[in-house]
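Novice: Got a structure here, written out as structure tokens. Questions coming.
Residue numbers (my numbering), protein chains in the order written: chain P, 143 to 322; chain B, 143 to 322.
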């Protein structure tokens, strides 16, 4: 029977804008002491925005981690650990795509990188979209494009879409739509 | 039209067992200089192991990031940035579940936490499984259990399974099996 480890000590190594990086000391169930590097994250919200015709709004942006332009569902970190996830989802949707939604339904909860970070993303499906205006941060550059669901699934299996939250969310959304 | 940022400078802050943590300085397309914390990762492999009766082998383990026992598909980091992903997948499958596979098919490619880490996971479907023996590291404690696909999907939508690679992989695998 698998048991929890015990946290014996925690040392802050670095505090970034959205991440805190720690070196923890853990005690295993059989009494060993092991060092473990991990990060705390404010949490984030992501949205599958569905237009009235069924197409899905996606964002194109530069991702430094992989040094390329990627295609993802709109998403962003919470302002703080206290911010409501739905509020963050609606804000990120409007900021990144320039659409407001009157109908937000919870889809799935994701822990992005469970091996070393506690980041949780709450994912919603947004409908009844009405155009407003994009509001990007000064260092954000984002293009918006609408795609058919079937096209997105093809791009996932072709490896053109690799972002974990986008794959998990699009495949989960697809399961409900049961399109042919 | 979205453009790439340029990396101006990179400073190593911390080298962990599987992660390197950097502070980068980037130049945006309109010429601003911005600081950006990011991590490099060796890459990993994950497996959806399918028994002859269709059930899927899952692993239960303690995850310090979320301080709880989780249910995930078997997965693990590559030994180095040079290791072949298929070799890593077969090794992690056998080490964590005690099963060897004669038939490994690529399913999807995932970037786990694209906002701050380059970790790539290659995910495979493993069939023709034969029992051998679990080989865990001294600080690894893992239980193995087989689940019906439909049960796993229920657990995803109920929030009992939250690991991003597991949700993406199980939903992607489900799309191919087209079960009712």
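By construction, the Cβ of each residue, glycine as well, lies at the ideal position given by its N, Cα and C atoms.
Using a Cβ-Cβ distance cut-off of 8 Å, determine whether residue 171(B) contacts chain P.
Specialist: The residue given as residue 171(B) occupies position 29 in the second chain. At least one chain P Cβ lies under 8 Å of residue 171(B).
Novice: What are the partner residues of residue 183(P), as DSSP defines its beta bridges?
Specialist: On the first chain, residue 183(P) is found 41 positions in, with the first residue counted as 1. DSSP lists 161(P) as partners of residue 183(P).
Novice: Using a Cβ-Cβ distance cut-off of 8 Å, determine whether residue 281(P) contacts chain B.
Specialist: For the purposes of this step, residue 281(P) is taken as residue 139 along the first chain, with counting starting at 1. Yes, because at least one Cβ of chain B sits closer than 8 Å to the Cβ of residue 281(P).
Novice: On the criterion of 16 or more Cβ atoms from any shown chain inside 10 Å, does residue 191(B) qualify as buried, or is it exposed?
Specialist: Taking the first residue of the second chain as 1, we reach residue 191(B) at position 49. The residue in question, residue 191(B), is buried, as its Cβ has 16 or more Cβ neighbours within 10 Å.
Novice: Closer than 8 Å, Cβ to Cβ, to anything on chain B: give me those residues from the region 301 to 316 of chain P, in chain order.
Specialist: Taking 8 Å as the Cβ-Cβ cut-off against chain B, the residues of the region 301 to 316 of chain P that qualify are 301, 304, 305, 306, 307, 309, 310, 313, 314, 316.
Novice: The region 215 to 232 of chain P: which residues have C-beta closer than 7 Å to a C-beta of chain B, in chain order?
Specialist: Cβ contacts with chain B: none found.
Novice: For the beta strand (DSSP E) containing residue 247(P), list its first residue and its last residue.
Specialist: The residue you call residue 247(P) lines up with position 105 of the first chain. Counting along the chain, the beta strand (DSSP E) containing residue 247(P) begins and ends at 241 to 253.
Novice: Keeping to the same chain, check which residues put their C-beta closer than 8 Å to that of residue 251(B); ignore five residues upstream and five downstream.
Specialist: As a first step, residue 251(B) is located in the second chain; it is residue number 109 there, counting from the start. Cβ within range, chain order: 262, 263, 264, 265.
Novice: Does the region 159 to 168 of chain B come close enough to the region 281 to 297 of chain B to have 3 or more Cβ pairs within less than 8 Å?
Specialist: At 8 Å Cβ cutoff, the stretches do not touch.
Novice: So, is the C-beta of residue 143(B) closer than 8 Å to a C-beta in chain P?
Specialist: The residue labelled residue 143(B) in the question sits at position 1 within the second chain. Yes, residue 143(B) lies at the interface with chain P (some Cβ there is under 8 Å from its Cβ).
Novice: To the nearest whole angstrom, what separates the beta carbons of residue 247(B) and residue 267(B), a pair I think is in contact under 8 Å?
Specialist: In the second chain, residue 247(B) corresponds to position 105, counting from 1. In the second chain, residue 267(B) corresponds to position 125, counting from 1. Confirmed, about 5 Å.
Novice: When DSSP labels each residue in this structure, what does residue 199(B) get in the three-state scheme?
Specialist: On the second chain, residue 199(B) is found 57 positions in, with the first residue counted as 1. In this structure, residue 199(B) counts as strand in the three-state DSSP scheme.
Novice: Quick one: is residue 245(P) near chain B, going by C-beta distance under 8 Å?
Specialist: Locating residue 245(P) in the first chain gives position 103, counting from the first residue. No, because no Cβ of chain B sits closer than 8 Å to the Cβ of residue 245(P).
Novice: Put residue 318(P) into one of helix, strand or coil per three-state DSSP.
Specialist: Within the first chain, residue 318(P) is the residue found at index 176, counting from 1. DSSP places residue 318(P) in helix when its eight states are reduced to three.
Novice: Do you know how far the Cα of residue 227(B) is from the Cα of residue 202(B)?
Specialist: By one-based count along the second chain, residue 202(B) stands at place 60. By one-based count along the second chain, residue 227(B) stands at place 85. Whole-angstrom Cα-Cα distance: 23 Å.
Novice: With C-beta atoms as the reference, is residue 223(P) less than 8 Å away from residue 185(P)?
Specialist: The residue labelled residue 223(P) in the question sits at position 81 within the first chain. The residue labelled residue 185(P) in the question sits at position 43 within the first chain. In this structure, residue 185(P) lies closer than 8 Å to residue 223(P) by Cβ.
Novice: Within the 8 Å Cβ cut-off, does residue 150(P) reach chain B?
Specialist: As a first step, residue 150(P) must be located in the first chain, where it is residue number 8. No, no contact with chain B.
Novice: Distance, Cα to Cα, residue 157(P) vs residue 180(P)?
Specialist: Sequence index remark: in the first chain, residue 157(P) carries index 15 (1-based). Sequence index remark: in the first chain, residue 180(P) carries index 38 (1-based). Cα to Cα, the separation comes out at about 12 Å.
Novice: By the three-class DSSP mapping on this structure, what secondary structure does residue 280(P) have?
Specialist: Against the first chain, residue 280(P) aligns to sequence position 138. Here residue 280(P) sits in coil by DSSP.
Novice: Under 9 Å Cβ-Cβ, which residues of chain P neighbour residue 174(B)?
Specialist: Residue numbering aside, residue 174(B) sits at position 32 when the second chain is read from its first letter. 280, 281, listed in chain order.
Novice: Are there 16 or more other CB atoms within 10 angstroms of the CB of residue 145(P), so buried, or fewer, so exposed?
Specialist: Mapped onto the first chain, residue 145(P) falls at position 3. Residue 145(P) comes out exposed.
Novice: Answer yes if the region 229 to 242 of chain P comes into contact with the region 305 to 320 of chain P, meaning at least three C-beta pairs across the two stretches below 8 Å, and no otherwise.
Specialist: Too few Cβ pairs lie closer than 8 Å, so no.
Novice: Pick helix, strand or coil for residue 215(B), following the three-state DSSP scheme.
Specialist: Position 73 of the second chain, counted from the start, is the residue given in the question as residue 215(B). In the structure shown, residue 215(B) sits in coil (DSSP, three-state: anything other than H, G, I, E or B).
Novice: Is it the case that the Cβ atoms of residue 249(P) and residue 193(P) are separated by a distance below 8 Å?
Specialist: Position 107 of the first chain, counted from the start, is the residue given in the question as residue 249(P). Position 51 of the first chain, counted from the start, is the residue given in the question as residue 193(P). No, they are not a contact pair.
Novice: Please report the distance separating the alpha-carbon of residue 200(P) from that of residue 175(P).
Specialist: Indexing the first chain from 1 puts residue 200(P) at position 58. Indexing the first chain from 1 puts residue 175(P) at position 33. Rounded to the nearest angstrom, the two C-alpha atoms are 45 Å apart.
Novice: Out of 277(B), 275(B), 315(B), 289(B), state which residue places its alpha-carbon closest to the alpha-carbon of residue 198(B).
Specialist: Position 56 of the second chain, counted from the first residue, corresponds to residue 198(B). Here the closest residue by C-alpha is 289(B).
Novice: Which partner residues of residue 145(B) appear in the DSSP bridge assignment?
Specialist: For the purposes of this step, residue 145(B) is taken as residue 3 along the second chain, with counting starting at 1. Partner(s): none; residue 145(B) has no beta bridge.
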